[in-house]
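So the sequence lines, in the order shown, correspond to chains A and B.
Mapping of the first sequence onto this note's numbering: residues 1 to 454, in sequence order.
Mapping of the second sequence onto this note's numbering: residues 1 to 136, in sequence order.
Cβ coordinates follow ideal geometry from the N, Cα and C atoms, glycine included.
What follows is a single structure, written as structure tokens, with notes after it.
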Amino acid sequence: MSLLQEEREIILNNEFVDNFDFAEVEDFVRNASKDLFISHTFKTKKKMLVQPRGGFPTYKKQYALNEFFVEANVDVLPLTIDSNTRLNDYATAKKMLRLSEENDIDMLNGYPLVNHGYRTTRKMITHFNKPVSLRHGTPDARLLIETAIASGIFEIEGGPITYLLPYSKNFPLDKAFLYWKYVERVCANYSKLNEPINRESFGPLTATLVPPAITIVIQLLEMMLSLEEGVKSFSVSFSQTGSMNQDIVMGAVIKKLSRHYAKQINCEDATINLVYHQWMGAFPTNKDYAEQLISMSTIIASMVGADKIITKTREEASGIPTKEANAKTVANTQYTLGILNGLPNIVDKEEEEILTLEVHAIMEAVLNDSADTLWRKVFNSIKNGIIDVPFSPHIINHNEMITIRDAKKNIRIIKRGNVPIPDRCFEYEKAQCDLTKDTTSIVNDIIHDIGIMQ
Amino acid sequence: MKVVTGVVGNDIHVVANRLIELSLNSRGFEVFNLGVNTYLEEFFDAVVETGAEVLLISSLNGEAEGWAREVKLLKSKYKNLDNLVMMIGGNLVVGSASAETIVPKYKKYGFDLVFHQVDLNTGLDTLEEFLKERNK
Chain A
1 MSLLQEEREI
11 ILNNEFVDNF
21 DFAEVEDFVR
31 NASKDLFISH
41 TFKTKKKMLV
51 QPRGGFPTYK
61 KQYALNEFFV
71 EANVDVLPLT
81 IDSNTRLNDY
91 ATAKKMLRLS
101 EENDIDMLNG
111 YPLVNHGYRT
121 TRKMITHFNK
131 PVSLRHGTPD
141 ARLLIETAIA
151 SGIFEIEGGP
161 ITYLLPYSKN
171 FPLDKAFLYW
181 KYVERVCANY
191 SKLNEPINRE
201 SFGPLTATLV
211 PPAITIVIQL
221 LEMMLSLEEG
231 VKSFSVSFSQ
241 TGSMNQDIVM
251 GAVIKKLSRH
261 YAKQINCEDA
271 TINLVYHQWM
281 GAFPTNKDYA
291 EQLISMSTII
301 ASMVGADKII
311 TKTREEASGI
321 PTKEANAKTV
331 ANTQYTLGIL
341 NGLPNIVDKE
351 EEEILTLEVH
361 AIMEAVLNDS
371 ADTLWRKVFN
381 SIKNGIIDVP
391 FSPHIINHNE
401 MITIRDAKKN
411 IRIIKRGNVP
421 IPDRCFEYEK
431 AQCDLTKDTT
441 SIVNDIIHDI
451 GIMQ
Chain B
1 MKVVTGVVGN
11 DIHVVANRLI
21 ELSLNSRGFE
31 VFNLGVNTYL
41 EEFFDAVVET
51 GAEVLLISSL
61 NGEAEGWARE
71 VKLLKSKYKN
81 LDNLVMMIGG
91 NLVVGSASAE
101 TIVPKYKKYG
111 FDLVFHQVDL
121 NTGLDTLEEF
131 LKERNK
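This is the structure we're talking about:
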């Protein structure tokens, strides 16, 4: 038995999991409908795919949510996992699921997939026969991913960096890399049986003043970590920055560089798609304004040339959106996409050049680290601050980099910390901002910049 | 002057925490920031270790009260913390309540300065005045 298979047996031999029938699961994946694979949908559907967020504890409510989404003409269904499962606390998830079922109230903020099991969940997934995207935030997602694929979920979001630095204070980063390595290998292995399993990184990170260079570097590194394990379909992503121009520049650079770095590790045969998240920062409490913001995000996604858009709802500022609000935003986004035709092609050569230089410089520093494997190089780079995510709560993150918005609302780096931003680029970034102010006024600007859409 | 700061309890909201650190630095304080997700014991330990004169606790998710109730009891177990300036700010209740009811409650828990949904600079200005007055 291979080491991977031995590890799988141990992970799946968990008291909260039904007995896994590997032969049956393989057979299911081999014969599964192509419509369940987002990698296949990307190839065949000549439009930007629309995907909402959403997850409910009980099977019944999740099923009803999916019915609403299908009615609203969704392209990709979401399955958001509850927070106990994310922390591998299946006992609490089980208890809360039972309470939710018995009392008809939601005691979990998502679908406890491991507790429902793959035999049950598969009935729902195959019934709707649309690609499903697994959204979670789990550092150790090994059991979750085995259960997801066995259920017919062939897109897995997350990664060792993007599901850790924004979501955790002290989960060990080296463990996260190893657990995600397992996930990549399982996805790669199943990809050989039918259409490829798609992996998607989570570009929004902390959604607070993250400069494009940092987002792109992390996207490229998670992509490379995935491709080197044999994954053949990957989505890089980012969220609306607050500057239309910066979004368009970012889209152009991330597309170009993801292909460049895939080629560098001899993985140019993999398909790379681009996903755009509608505004992830603080939303206006005025629901009409929220709708305007969502429409604007959809227009920018078109100009960026995204392959998929992930939607927000008009209820975002006031709590967890209802299924009706969620379905409505899908329908509205589809409508906006339908009437957007013949958009102009905008290119900003100077901004593209600056951003490209920044990304290459950081990537070079990471790849030149003396460690023997890519994940160790990345690990060291986070530890020594070559990669620094503004507003990350994780203790390993340096938090030395400081960013503010310039007059045109572009996110600019005014303090680089240990991040190797080339001098020329750093001078350019600072030149766009008014730095004559004292620190207190700059802090006030940052507070204002965070709430920019409110 | 040394300040220990951080977000109390299982709260992961880090943005204001970073801004507090920046603001305190720019006002000339020496800051020991414990970050988010910090328990009361960790705060007091850090005060003892650093010899800080100010402890500035913040909270956004509204769950601070559950933790603040135990402040006096815990503080009494440490020696030499009688002169420590205790400050708390952020969003201090789940749901909504007025400052008139919240501030006395938190003062009873042992805080000298209490700021519920007050902007950062006002809070820090008041802290500086408080310190000036006390050290007269």
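- Contact between Asp449 (chain A) and Ile414 (chain A) does not hold, since their C-beta atoms are separated by about 12 Å, which reaches or exceeds 8 Å.
- Around the Cβ of Thr436 (chain A), a 10 Å sphere holds fewer than 16 other Cβ atoms; the residue is exposed.
- The C-beta of Val443 (chain A) comes closer than 7 Å to at least one C-beta of chain B.
- Residue range 49–51 is occupied by the beta strand (DSSP E) that includes Gln51 (chain A).
- For Gly451 (chain A), the CB contacts under 6 Å within the same chain, skipping 5 residues up- and downstream, are Ala282 in chain order.
- Around Pro52 (chain A), the same chain offers Phe69, Val74, Pro78, Thr311, Asn326, Thr329, Val330 as residues with beta carbons nearer than 7 Å, after the five sequence neighbours per side are excluded.
- Bridge pairing for Thr271 (chain A): A:Ser233 [DSSP].
- The C-beta distance from Val36 (chain B) to Asn61 (chain B) rounds to 10 Å, too long to fall under 8 Å, and the pair is not in contact.
- Ser133 (chain A) carries a strand assignment under DSSP once its states are collapsed to helix, strand and coil.
- Per DSSP, Ile38 (chain A) lies in no beta strand (DSSP E); the unbroken alpha helix (DSSP H) holding it starts and ends at 38–44.
- Residues of the same chain with a CB within less than 7 Å of the CB of Lys377 (chain A), apart from the 5 flanking positions on each side, are Val366, Leu367, Asp369, Ala371 in chain order.
- Listed along the chain, the chain B residues whose CB falls inside 8 Å of the CB of Pro139 (chain A) amount to none; the nearest CB is some 14 Å away.
- Per DSSP, the continuous alpha helix (DSSP H) segment holding Leu293 (chain A) begins and ends at 287–304.
- Contacts with chain B at 7 Å (Cβ-Cβ) include Thr440 (chain A).
- With 16 or more other Cβ atoms inside 10 Å of its own Cβ, Leu124 (chain B) counts as buried.
- By the Cβ test, the region 67–83 of chain B is not in contact with the region 12–31 of chain B, since fewer than three Cβ pairs between them sit closer than 8 Å.
- The Cβ-Cβ distance between Phe29 (chain B) and Val3 (chain B) falls below 7 Å.
- The three-state secondary structure of Asn444 (chain A), taken from DSSP, is helix.
- Here Ile413 (chain A) is bridged, per DSSP, to A:Thr403.
- Listed in chain order, the positions of the region 14–28 of chain B with a beta carbon within less than 7 Å of a beta carbon of chain A are Val14, Val15, Arg18, Leu19, Leu22, Ser23, Ser26.
- Of all residues in the region 410–432 of chain A, none comes within less than 9 Å of chain B when Cβ atoms are compared.
- In this structure, Gln240 (chain A) keeps its C-beta atom at 7 Å or more from the C-beta atom of Ser191 (chain A).
- Taking one beta carbon from each stretch, the region 204–223 of chain A and the region 140–152 of chain A have fewer than 3 pairs nearer than 8 Å; the two do not touch.
- Contact check for Phe115 (chain B) against Gly89 (chain B) passes: the beta carbons are separated by less than 7 Å.
- Taking 7 Å as the cut-off between beta carbons, the residues of the region 159–179 of chain A near chain B are Lys169, in sequence order.
- At a cut-off of 7 Å, the C-beta of Ile102 (chain B) has no neighbouring C-beta in chain A.
- Cβ contact annotation for Leu193 (chain A) (same chain, cutoff 6 Å, sequence separation greater than five): Val29, Arg30, in chain order.
- Contact of Thr241 (chain A) with chain B is not assigned, every C-beta pair being separated by 7 Å or more.
- Rounded to the nearest angstrom, the Cβ distance from Leu220 (chain A) to Ser258 (chain A) is 6 Å, consistent with a contact under 8 Å.
- Within the region 67–97 of chain A, no residue has a Cβ lying closer than 8 Å to any Cβ of chain B.
- Contacts between Phe128 (chain A) and chain B, judged by CB atoms closer than 8 Å, are missing: the closest CB pair is about 33 Å apart.
- Around Gly9 (chain B), no beta-carbon contact reaches into chain A at under 7 Å, the shortest distance being about 12 Å.
- With its beta carbon at least 7 Å from every one in chain B, Pro284 (chain A) lies outside the interface.
- If you look at Arg86 (chain A), you'll find it in the alpha helix (DSSP H) that goes 83–86.
- The count of Cβ pairs closer than 8 Å, one atom from the region 96–104 of chain B and one from the region 39–46 of chain B, stays below three, leaving the stretches out of contact.
- Around the CB of Pro344 (chain A), fewer than 16 other CB atoms lie within 10 Å, so the residue is classed as exposed.
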